[in-house]
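This report concerns only the one structure given below.
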Amino acid sequence: PNLSAGITLQKSNCKMGNCQTTRDKNALPQAKPSEWPEAWLIPDDVEDQYATNKQEPNVPVSVDELKKIGVNYWKMDAESYEYPVKSVPWDTSNSADPKLQQLRDDRGYSYADIITVHKDHLPDFENKLKAFFEEHIHDAEEIRYILGGSGYFDVRNESDKWVRIHIKKGDLMTLPEGIYHRFTCDDKHLIHAMRLFKGEPVWTPFNRPCDDHESRKKYVELYPPEHTEEKKEESAI
Numbered sequence: 009p010n011l012s013a014g015i016t017l018q019k020s021n022c023k024m025g026n027c028q029t030t031r032d033k034n035a036l037p038q039a040k041p042s043e044w045p046e047a048w049l050i051p052d053d054v055e056d057q058y059a060t061n062k063q064e065p066n067v068p069v070s071v072d073e074l075k076k077i078g079v080n081y082w083k084m085d086a087e088s089y090e091y092p093v094k095s096v097p098w099d100t101s102n103s104a105d106p107k108l109q110q111l112r113d114d115r116g117y118s119y120a121d122i123i124t125v126h127k128d129h130l131p132d133f134e135n136k137l138k139a140f141f142e143e144h145i146h147d148a149e150e151i152r153y154i155l156g157g158s159g160y161f162d163v164r165n166e167s168d169k170w171v172r173i174h175i176k177k178g179d180l181m182t183l184p185e186g187i188y189h190r191f192t193c194d195d196k197h198l199i200h201a202m203r204l205f206k207g208e209p210v211w212t213p214f215n216r217p218c219d220d221h222e223s224r225k226k227y228v229e230l231y232p233p234e235h236t237e238e239k240k241e242e243s244a245i
C-alpha cells in the first residue's frame with residue numbers, strides 16, 4: 009500500500025480541520041462558517057492586551073484560514089444548562105447537555121474542570137493574566153468551552169503573524185498541540201470556562217522560543233509555515 013499517500017491525505021484533511029470527521033463520519037460536525045467567532049490580525053506589539061487591537065483598516069481572518077492552522081470550533085448551547093463558578097475537577101456525569109457529551113465521546117475528552125477568570129475568583133488576577141499572555145505552546149491539544157464572559161485567543165498564522173480570535177459564551181474551540189498562542193480576557197475582565205483534556209490534565213506552558221520541542225516539530229510538520237512551503241516550491245522548480 010502507498011503509505012506516503014495516506015500520510016499526505018491525513019495531513020491535508022487535518023489542515024482543513026477535518027481530522028475527526030475523517031475518522032468518524034458520525035462525529036459532531038463543526039459549526040457553519042457564519043457561526044465562527046470573529047478573527048483579525050493584530051500588531052506584534054500591543055500596549056493594552058485587553059483591547060481589540062485591530063489594525064487600521066481592519067484585516068479580518070477567514071474561517072478557512074483558521075482551519076488551515078489547525079483551529080477547530082463548535083457552537084454550543086451554554087444558555088440552557090447551569091455550571092458552577094469553579095469545579096476542579098468537574099464531574100462529567102453532571103453534564104445534561106447531549107451535544108457536549110457527544111463531543112467529549114467523539115474526541116476522547118475524559119477530564120473536565122471549570123474555572124472563572126475574574127479578580128473575585130482568581131487570586132493574583134493581574135499577574136496571572138500577564139502570565140497567560142506570554143507566547144507559548146503546550147504538548148497537548150488545548151480545549152476551551154466558554155460558559156460566560158469573553159476573551160481573546162491569539163494564535164500565530166502561517167506567516168507568524170498574530171491572529172486574534174474573540175471567544176464568547178457558547179464557543180467551544182480547540183487549538184492543536186504545538187501551536188504558538190496566548191490568552192487574555194477582553195475589556196470586561198471576566199471569562200467562565202470549561203477546560204477539557206484527554207487523560208490526566210497537564211497545563212505546562214513552554215514559552216517561545218521552543219522550536220526544538222517535539223510538540224512544536226509535530227505542529228510544523230502538519231502545518232508548515234509559509235516560508236517552508238515557498239522553499240519546497242522553489243526546490244521543485
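Residue 245, in this note's numbering, is where the sequence shown stops; the numbers in between run on with no holes. Note that beta-carbon positions come from the ideal geometry of N, C-alpha and C, so glycine has one too.
Of all the alpha helix (DSSP H) runs that stay within the bounds of the segment 94-164, which reach a length of 4 or more residues? 106-115, 133-140
Got a sec, what are the start and stop residues for the alpha helix (DSSP H) residue 227 sits in? The residue given as residue 227 occupies position 219 in the sequence shown. From DSSP, the alpha helix (DSSP H) with residue 227 extends over 222-230.
Span of the beta strand (DSSP E) around residue 176: As a first step, residue 176 must be located in the sequence shown, where it is residue number 168. 170-176 is the span of the beta strand (DSSP E), which, as asked, contains residue 176.
Rounded C-beta distance between residue 183 and residue 79? I'm assuming under 8 Å. Position 175 of the sequence shown, counting from 1, holds the residue named residue 183. Position 71 of the sequence shown, counting from 1, holds the residue named residue 79. At roughly 6 Å, the Cβ-Cβ gap stays under 8 Å, so residue 183 and residue 79 are in contact.
Pair within 8 Å by beta-carbon distance, residue 188 and residue 152: The residue labelled residue 188 in the question sits at position 180 within the sequence shown. The residue labelled residue 152 in the question sits at position 144 within the sequence shown. No, Cβ-Cβ distance for residue 188 and residue 152 is not below 8 Å.
Give the secondary structure of residue 234 by DSSP, where H, G and I count as helix, E and B as strand, and everything else as coil. On the sequence shown, position 226 is the one that residue 234 refers to. Helix at residue 234.
Taking three-plus beta-carbon pairs below 8 Å as touching, is the segment 162-171 in contact with the segment 112-130? Contact annotation: the segment 162-171 does not touch the segment 112-130, with fewer than three C-beta pairs closer than 8 Å.
Alpha carbon to alpha carbon, what distance is there between residue 193 and residue 175? On the sequence shown, position 167 is the one that residue 175 refers to. On the sequence shown, position 185 is the one that residue 193 refers to. For residue 175 and residue 193, the distance between alpha carbons rounds to 9 Å.
Distance, Cα to Cα, residue 87 vs residue 106? The residue given as residue 87 occupies position 79 in the sequence shown. The residue given as residue 106 occupies position 98 in the sequence shown. Their backbone Cα atoms lie some 14 Å apart in a straight line.
Examine the ligand ADP and report whether any of its heavy atoms sits within less than 7 Å of the Cβ of residue 82. As for the ligand ADP, it is missing from this structure, which has no ligand bound.
Simplified DSSP state of residue 36, which is helix, strand or coil: The residue labelled residue 36 in the question sits at position 28 within the sequence shown. Three-state DSSP puts residue 36 in coil, outside helix and strand.
Applying the criterion that 16 or more other CB atoms from any shown protein chain within 10 Å of the CB defines a buried residue, is residue 207 buried or exposed? Stepping through the sequence shown from its first residue, residue 207 is reached at position 199. With fewer than 16 Cβ atoms within 10 Å of its Cβ, residue 207 is classed as exposed.
I think residue 48 touches residue 66, with their Cβ atoms under 8 Å apart; what is that distance to the nearest whole Å? Counting from 1 along the sequence shown, the entry for residue 48 is found at position 40. Counting from 1 along the sequence shown, the entry for residue 66 is found at position 58. Confirmed, about 6 Å.
Thinking just about the alpha-carbon of each residue, which of 200, 145, 157 is nearest to the one in residue 190? Within the sequence shown, the letter at position 182 stands for residue 190. If we check each option's Cα against that of residue 190, 145 comes out closest.
Roughly how many angstroms separate the alpha carbons of residue 54 and residue 185, rounded to a whole number? Counted from its first residue, the sequence shown places residue 54 at position 46. Counted from its first residue, the sequence shown places residue 185 at position 177. In a straight line, the C-alpha of residue 54 is about 25 Å away from that of residue 185.
Can you give me the C-alpha to C-alpha distance between residue 104 and residue 85, rounded to a whole angstrom? Taking the first residue of the sequence shown as 1, we reach residue 104 at position 96. Taking the first residue of the sequence shown as 1, we reach residue 85 at position 77. Between residue 104 and residue 85, the C-alpha separation is close to 11 Å.
Just the Cα atoms here: how many angstroms apart are residue 71 and residue 229? Within the sequence shown, residue 71 is the residue found at index 63, counting from 1. Within the sequence shown, residue 229 is the residue found at index 221, counting from 1. Going from the Cα of residue 71 to the Cα of residue 229 covers about 21 Å.
Mind checking which residues open and close the alpha helix (DSSP H) that includes residue 246? Missing from the structure shown is residue 246; the chain here goes from 9 to 245 and no further.
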